[in-house]
Each structure stands twice: as structure tokens, then as C-alpha cells.
Amino acid sequence: MRVTDEFMQAVVDDTDWHLRAVHGGEIVKTIRARDLMRQISQATWECADPGMQFDTTINHWHTATNTGRINGSNPCSEYMHIDNSACNLASINLLRYLGEDGVFDIEAYKHTIEIMFTAQEILVGNADYPTVPIGDNSRKFRQLGLGYANLGALLMALGLPYDSDEGRALAGAITSLMTGHAYATSARTASRMGPFAGFAENAEHMLRVLGQHRAAAASIDEELVPPALLSAAQQSWDTACELAAEVGVRNSQASVLAPTGTIGLMMDCDTTGVEPDLGLVKMKKLVGGGTMSIVNQTIPRALTKLGYTDAQMDEIVAYINENMSILGAPHIKAEHIPVFACSMGDNIIHYTGHIRMMGAVQPFISGAISKTVNMPEDVSVEEVEKIHIEAWQLGIKAVAIYRDNCKVAQPLSASKKDVEGADDPIAGAVEVIERVVEKIVYQPIRQKLPRTRVSRTFEFRVADCKGFVTVGQYEDGRPGEIFVRVSKQGSTLAGIMDAFAISVSHGLQYGVPLRSFIEAFTGMRFEPAGMTDDPDIRIANSLMDYLFRRMAIEYLSPQERAELNILTTSERMQPTLPGVDEGIETRQGSEMPVDPPSIESVSTLLTDTQTTMVREVKTTNHDAPMCMQCGVTMQRAGSCHACPSCGTTSGCS
1162 MRVTDEFMQA VVDDTDWHLR AVHGGEIVKT IRARDLMRQI SQATWECADP GMQFDTTINH
1222 WHTATNTGRI NGSNPCSEYM HIDNSACNLA SINLLRYLGE DGVFDIEAYK HTIEIMFTAQ
1282 EILVGNADYP TVPIGDNSRK FRQLGLGYAN LGALLMALGL PYDSDEGRAL AGAITSLMTG
1342 HAYATSARTA SRMGPFAGFA ENAEHMLRVL GQHRAAAASI DEELVPPALL SAAQQSWDTA
1402 CELAAEVGVR NSQASVLAPT GTIGLMMDCD TTGVEPDLGL VKMKKLVGGG TMSIVNQTIP
1462 RALTKLGYTD AQMDEIVAYI NENMSILGAP HIKAEHIPVF ACSMGDNIIH YTGHIRMMGA
1522 VQPFISGAIS KTVNMPEDVS VEEVEKIHIE AWQLGIKAVA IYRDNCKVAQ PLSASKKDVE
1582 GADDPIAGAV EVIERVVEKI VYQPIRQKLP RTRVSRTFEF RVADCKGFVT VGQYEDGRPG
1642 EIFVRVSKQG STLAGIMDAF AISVSHGLQY GVPLRSFIEA FTGMRFEPAG MTDDPDIRIA
1702 NSLMDYLFRR MAIEYLSPQE RAELNILTTS ERMQPTLPGV DEGIETRQGS EMPVDPPSIE
1762 SVSTLLTDTQ TTMVREVKTT NHDAPMCMQC GVTMQRAGSC HACPSCGTTS GCS
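Under the working numbering, the first residue of the sequence shown carries the number 1162, and numbering increases by one thereafter.
As C-alpha cells, then:
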């Protein structure tokens, strides 16, 4: 939802608002502005949509106003510029510049900004773009989006609460230095390569926006920020503005704050983008089953900064790992608890803390901030509305609110709720899933076989077709791949079988049960078919029928094979199937005499009480043909099939 300052002021003043036609601009309807804002906030409260973008603020910081206004953004709302353009993003891990002494390495940070910004600039001219207009505008305006991640971890490591004046001032200074030095680098590049092609047309607005950034840097409270850091930030803006006035800048935009949900993991970040941590402990699901708890790796560093001993730290970390909270931890002081506050859990950052942090860094970002304002489940619609208004008043360009549990499914939950219908006797079990910030995609995971593995090869002949099948196995004996060689290599049949084997192998490795393949392919009828040289499978309806019946014999349990009616010759000759016990009944008393050996053998299997063990074996008729007389599915009768409706057989009787 995109709104102007006039609309927001009408909400604050509780006045009417005119709805106008898109074409023509005539008034279509007049409504109460506050009623419309309440509807927006109600929808946000219910499902976290829509987010809000403040159009007047966005275009007030626009560097290419004469070319065209900013009408929209990317889905995450951090990139905002003219239509049909693109921005090339990069992010810096801030925690890497914090020394063991707790001092932020300014020179190393500036060096990284220069290198990364220059690399991004080089990529603009060498990149491919999805459409011609996007490519033209991207090369003409050369928008870049340098940003950072791990701000929340940096503040925690310094012993600063995320929701504090000191934390916000430090974040503002670091962001100001990043964008200011990036623009200074852009101006130096322009002195060699020339300014971006649209600079001359928009020089007035470009220099105006740089001046707005410079003025914002001068407003940072010098008592809350290390003097060297604030001085470096302000000097970077002085340099950027002076050089830009002389030679222009190479890039119309320098920075954005992206979610970094993907690259943040690759950079070993505890927190993403400008976000605080979601929780001190996460429960990560493992591919092979089970979970693994992960404690925020910044906690020990923060405890050291706050003056705790190694022994105290070990006890605190152990408590957090066990209880998933710092509340109640031994040795921890009450004044230090806000340092470890997170977005979710029982020690949460108040939602106004999220908005105020965004307001502290927004004046130093060319684009916007992709960030979620987390709100607890019990907030009211009125509180959501107040956050929208406060975001506008703080000069934020875009805001997205998420009320806990407002969607049917969410990637992370920090509330302890009973698991409905759980079979586990332990009530109230809680499962916390690690967040993937940008997008959640549920998909099967491939389990590849080890490089060196055991395999089994079977030779077979079906009618006049001879072949070999090799089954590669996992370490636990499960089949994970098959290779089939039939007839002469190079024939059409051989090629089809190769393709078939590859598809089955992929299915097995992605978790498709072998039994599913067996149920699908046994009973298929096509040539070659007929007699085989396998003593356990004398007749096969097709190569598929033979291969999967053979694999069933090798890899399924007797009970499963009995259900599928796939038995070996020896099993068919037995009175009972392997693993299937006969009905055994014992009687107490002396009604019937039994010989001592029988009593002894039965006593090893049964208790003294009267017991009856009867196990039914379900079979399937998946390979049965249709009756040629009445069309009913026939049932197996020995080695043949008989129709249960009209009595027709397949020729055995």
C-alpha cells in the first residue's frame, strides 16, 4: 500500500480523503482517511499484508527526479528507483570489523567499502539484464546497493541493547560511514570514468540528496558514538559532497539494506541485515532426522564484554542452551538482560524498538530498508495503526509488520503450545524451526550414495532378452540406484532402459520408497515377456515386471512380499510364510493329552495363559488381468487367475 504525506496527515488530523480516478483525476468518492487506515491496519493485523510505502518520503530522497518519479520497488522494498531499472546488491559482515578489544576497525571497514563498491560498479557494465529497457536504465544510472548484515550481533558483542539510544546512534554512524564513503568512492571513479549518463539531467537533485545525507550525519549524538567513528562518517560526506560538486558521481544510488537471508548464512552471520536475533537458541532440523540446538555464537563474546568470568559464562550458556532463554540464568544481572533481547521469545524487543532502529539508519541509505517489525500475537489493530503512523513520522520509506502467528504457517515460532493429536506422551513439546528469511520452499532432499558403495548384480533372461541389473546400496543395505543392461548396447531398448534406470535411481535417492516402485511396475504387460531363467520368478509379464519382482525378493521383508503376493518358489511350497506364524492355541487343564516335546516347544513361545496367535496376510491383485468374459478383475489361483464373478480362468483349469 503506497500513501502520500497528505493522506497520512489526513489520518492524523482525522479529516476526509478524496479517492480519485486513475485516468483524469476526478473525485470518485470521499471517505474518512482514518477509516481507510483502520482497514489497512486490520488487514495487516490479520495476515501481515499489506506493507506500507510512503511515496512522498521516497521521492524526497530521489536522485533522478527529472528523469521520472519512483513508482514502485522490488518485492522486499529495499530497492526504489525509476521504472525498468535494476540494482546490483552486496553486503558486508559488520562483526568482522570488531576487534577483540571491542574497537571497530574503521580503516579496514573503509577499505572493504572501496573494494566491494568498485567491484559492483564494474559488474554494471558487464552484466546481462532481463529486458532491453532495464539494461539501458541500469547502465545509464548505474544504481548500486551496498549494505551490511550482522548489525544485531555487533551490538550484542559490544554489550549494547538493540533497543537503546547508544545502539541506534552506533548503527546510524556505521551506516552513514558506509554510504558516505561509497559515494566518495563513486565520485573518485567519476573523475576518471565520468559521472553516470543521467547525472547532468539530474545534477541538482543528486547534489540535494547528498546534502540531505550530510546534514543527517551532523545530527548524530556525538556523546553516544565513538568519536573516531563519527568523525570518519562526517568526513566521508564532506568528501563525497565536495567531489560530487566538482566531477559528479558515477552512481545514482549507493546503498540499500537487503534482508541477506541467503548470503547471511554463507557469511556466518548470527543476525541478518539490520535485524536483531530472532532467538538466542534455535532448533535446527537435521536431514537424517532429529534436531540440533544452536546457541547464538555472539553470546560468549557479549558476556566477556559485560565482565563475566569464564566459569560464569559456561553456566550461563549452558542454561540458555537448556532453557532457550536467558531469563533466570545464573549470575546474569538484571541490567544486562536487554542486551540479549530478541525478536521472539520471552525476552523480546518491543516493536517500537524495531521502528526506531529503522528510523536511525534510514537517513543514511540511498534506497530503503527490508526489515520486519515483529509484534506479539496479542497486540491490537490500534497498535498496528500507531506503528504505521510512527514509521511515517520517523522518515522511514517502507514498513512491513508481522504479528506472531497471524498466518496459517510460519517458519519460526517462539511460543510454547500443545501439540494437538501428538502420540508422544510428553505434552507441550515445542518445535522451533530455524528461519530462512527470504523465501521458504518445501522440497525433498536428495541423499546421495557414498563414493565407495556395495552393489549387487543379477543376471536374467526374459523370453529371448538377456540382461543384467546392478543395484547400488546405501551403507544400511537400502537400494539407492540401479543400472540395467539389456540386449545389445546401442539399441533403442537399451537406451530406454538406461533412461528408466536413471529416473528410478533419482526417485530412490529423493526418498521414494522402493515398495512404491514395486507396486507401480509389477504386473505391467508388454514384450519381451514369457519364461525366465530365474527359479523364483518363472514367468514375467515384461522386463519391468521381472526387475521389480526380483528387487522385491531381495529387499522387501517377507510380510511386505506376502502382501504384494511376490513369493519365492521355496516360500510357496512352505505351509506358512517366513515371519508369519501359524495359529497356535494352548489349553489349560488336561482335556487333551499332549506329548512332552510339544509342551516344551510351545512353552518357549507362549506364556502360561491361554493365547491365540493368528496373523492375517493381506494380498493384492495388482498384477491380475481383466476377465475376458465379464471385465471383472481376476484373482490369483495358484499360478493362474480366476474370475470371481463368472468363473472364467486364465487356462489352468
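Note that the Cβ used here is the ideal one computed from N, Cα and C, for glycine as well.
Determine the direct distance from the alpha carbon of residue j to that of residue i, and round the result to whole angstroms.
{"i": "L1319", "j": "I1487", "result": "17 Å"}
{"i": "R1676", "j": "A1561", "result": "47 Å"}
{"i": "I1295", "j": "E1620", "result": "60 Å"}
{"i": "L1197", "j": "T1279", "result": "45 Å"}
{"i": "F1357", "j": "T1350", "result": "10 Å"}
{"i": "L1307", "j": "P1461", "result": "30 Å"}
{"i": "D1399", "j": "R1375", "result": "7 Å"}
{"i": "I1477", "j": "I1493", "result": "7 Å"}
{"i": "L1250", "j": "G1528", "result": "11 Å"}
{"i": "G1628", "j": "R1646", "result": "5 Å"}
{"i": "G1422", "j": "F1265", "result": "24 Å"}
{"i": "L1391", "j": "F1525", "result": "13 Å"}
{"i": "F1687", "j": "D1637", "result": "34 Å"}
{"i": "A1495", "j": "F1501", "result": "11 Å"}
{"i": "M1162", "j": "H1184", "result": "19 Å"}
{"i": "D1177", "j": "R1199", "result": "14 Å"}
{"i": "R1617", "j": "M1789", "result": "40 Å"}
{"i": "E1268", "j": "G1633", "result": "56 Å"}
{"i": "Q1666", "j": "I1679", "result": "Checking the sequence shown, residue 1666 turns out to be Ser, not Gln. Distance between the alpha carbons of S1666 and I1679: 13 Å."}
{"i": "C1626", "j": "R1699", "result": "14 Å"}
{"i": "H1342", "j": "L1441", "result": "33 Å"}
CB-CB under 6 Å to residue i, same chain, minus the five flanking residues each way: which ones, in chain order?
{"i": "T1683", "result": "D1706, F1709, R1710 and D1784"}
{"i": "E1275", "result": "T1346"}
{"i": "A1209", "result": "Y1563 and C1567"}
{"i": "Q1170", "result": "none"}
{"i": "M1428", "result": "N1254"}
Assuming residue i contacts residue j (C-beta within less than 8 Å), just tell me the rounded distance between them.
{"i": "Q1304", "j": "Q1373", "result": "Not a contact, Cβ separation roughly 18 Å."}
{"i": "A1394", "j": "S1337", "result": "4 Å"}
{"i": "I1643", "j": "A1662", "result": "5 Å"}
{"i": "I1498", "j": "E1551", "result": "Contact doesn't hold; Cβ gap of about 25 Å is too wide."}
{"i": "A1348", "j": "V1408", "result": "6 Å"}
{"i": "P1605", "j": "D1565", "result": "That pair is no contact at about 29 Å."}
Between the Cα of residue i and the Cα atoms of the options, which residue gives the shortest distance?
{"i": "A1401", "options": "M1367, F1629 and E1721", "result": "M1367"}
{"i": "M1485", "options": "M1505, G1328, M1795 and V1534", "result": "M1505"}
{"i": "C1430", "options": "N1482, N1245, K1301 and L1316", "result": "L1316"}
{"i": "A1472", "options": "R1699, V1442 and P1491", "result": "P1491"}
{"i": "R1411", "options": "E1365, E1403 and M1354", "result": "M1354"}
{"i": "Y1290", "options": "G1212, Q1203, N1245 and I1274", "result": "N1245"}
{"i": "A1405", "options": "R1300, A1364 and E1496", "result": "A1364"}
{"i": "S1234", "options": "A1559, S1392, Y1512 and G1440", "result": "A1559"}
{"i": "A1204", "options": "T1217, T1459, Q1796 and E1546", "result": "E1546"}
{"i": "M1518", "options": "V1386, Y1635 and D1324", "result": "D1324"}
{"i": "Q1670", "options": "Q1608, L1725, P1387 and E1721", "result": "Q1608"}
{"i": "L1555", "options": "V1522, R1193, A1660 and D1539", "result": "V1522"}
{"i": "N1457", "options": "P1611, P1437 and Y1469", "result": "P1437"}
{"i": "G1212", "options": "N1254, T1533 and R1699", "result": "T1533"}
{"i": "L1658", "options": "T1693, V1630 and I1679", "result": "Going by the sequence as given, residue 1658 is Met instead of Leu. Among T1693, V1630 and I1679, the Cα nearest to that of M1658 is on V1630."}
{"i": "H1272", "options": "I1381, N1726, A1247 and R1257", "result": "R1257"}
Kindly list the residues whose CB is nearer than 7 Å to the CB of residue i, restricted to its own chain and excluding five residues on each side of it in sequence; keep chain order.
{"i": "D1507", "result": "S1486 and L1488"}
{"i": "I1231", "result": "I1219, N1220, H1223, M1241, H1242 and I1243"}
{"i": "A1690", "result": "V1623, A1624, A1701, N1702 and S1703"}
{"i": "P1696", "result": "T1730"}
{"i": "N1716", "result": "Sequence inspection shows Tyr at residue 1716; the Asn mentioned does not correspond to that position. If we look at Y1716 and ignore the five residues flanking it on each side, its Cβ neighbours are P1640 and L1675."}
{"i": "V1173", "result": "I1550"}
{"i": "G1468", "result": "none"}
{"i": "L1312", "result": "L1255, A1332, T1432 and V1435"}
{"i": "V1299", "result": "At residue 1299 the sequence reads Ser, which differs from the Val that was named. The residues are S1246, A1247, V1285 and Y1290."}
{"i": "V1540", "result": "R1564"}
So, for residue i: in the same chain, excluding its five sequence neighbours on each side, which residues have a beta-carbon less than 8 Å away from its beta-carbon?
{"i": "S1762", "result": "The pLDDT assigned to S1762 is 41, lower than 50, so where the model puts this residue is not dependable; a value taken from the coordinates is nonetheless given after this. Answer for S1762: no residue qualifies."}
{"i": "G1359", "result": "A1225, T1228, K1301, F1302 and S1413"}
{"i": "C1791", "result": "C1804, S1806, C1807 and T1809"}
{"i": "V1542", "result": "R1199, S1202, Q1203 and W1206"}
{"i": "I1253", "result": "Y1270, T1273, I1274, M1277, L1307, G1308, Y1309, A1310 and M1339"}
Of all the CB atoms in chain B, is at least one closer than 8 Å to the CB of residue i?
{"i": "D1659", "result": "Reference to chain B is not applicable here, since this structure consists of a single protein chain."}
Task: beta strand (DSSP E) segments (min. 3 residues) lying fully within the stretch 1297-1354 - done: 1305-1310
TODO: List in chain order: all unbroken beta strand (DSSP E) runs of 3+ residues lying wholly within the stretch 1228-1268.
DONE: 1249-1254
Task: Unbroken stretches of the beta strand (DSSP E), 3 residues or longer, contained in the stretch 1401-1487 - done: 1442-1446 and 1452-1456
Open item on the list: To test your reading of the DSSP string, which unbroken alpha helix (DSSP H) runs of 4 or more residues are found completely within the stretch 1661-1737?
Closed with: 1675-1682, 1704-1716, 1719-1725 and 1730-1734
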